[in-house]
Amino acid sequence: AAGALSLDEVTKILKVRANAMHAVASRCDGSMAACLGVTMEELNSILYYCSTIGICEIANDNILGQIVISGHTTAINLAMNMLRVKGKKAIKLNVSGPFHCSLMAEATSIFRQAIDKVNIKPTKMIIVANYSANIVTTPIDIKNCLIRQIEGKVRWRETL
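Under the numbering used here, the letters of the sequence shown match residues 531 to 690, in that order.
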């Protein structure tokens, strides 16, 4: 709808992205969890501690009080336990891997190679990128946000 890519181009790069993320996820012991009733500050404190045993990062800032974390399963489990001790709710998500975190670095590299071959055009309308929560209109900004979104957190609350 925005005119930056044709449907055929979108289909091709989405297939590369999905396959790369699936391949990486299948080789690592990672998971995701929804954290409810917690502030960003509280969660960052917990994640800092959990990062001593593995990757544990914010993957989605959905709404106030609902934040999704992603990373190594041991670190995610520790974060969930720490949240529960504090009286917060943590729910393991039924997903196939630790998406939107640095464990997806290899998928980012694969996707970058594919999208670098695609000619992204200037948009016909305003696009707000979930990666940056900023308006993007130039082909280079669109490309960079699409690449970074694989490892970067989804800023849904800020995007709205």
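All C-beta atoms in this analysis are idealised placements derived from N, C-alpha and C, irrespective of residue type, glycine included.
Cβ contact annotation for Gly584 (same chain, cutoff 7 angstroms, sequence separation greater than five): Gly601, His602, Thr604, Ala605, in chain order. Distance check between Ile680 and each of Ile665, Ala564, Ala635, Thr653 places Ala635 closest, using alpha-carbon atoms only. In this structure, Ala563 keeps its C-beta atom at 7 angstroms or more from the C-beta atom of Ala637. Beta-bridge annotation (DSSP): Asp591 is paired with Ile597. For Leu577, the CB contacts under 6 angstroms within the same chain, skipping 5 residues up- and downstream, are Cys586 in chain order.
Secondary structure of Ser561 (DSSP, three-state): strand. Residue burial annotation: Thr653 is buried, with at least 16 other C-beta atoms found within 10 angstroms of its C-beta. One Cα belongs to Ile593, the other to Ile621, and the distance between them is close to 16 angstroms.
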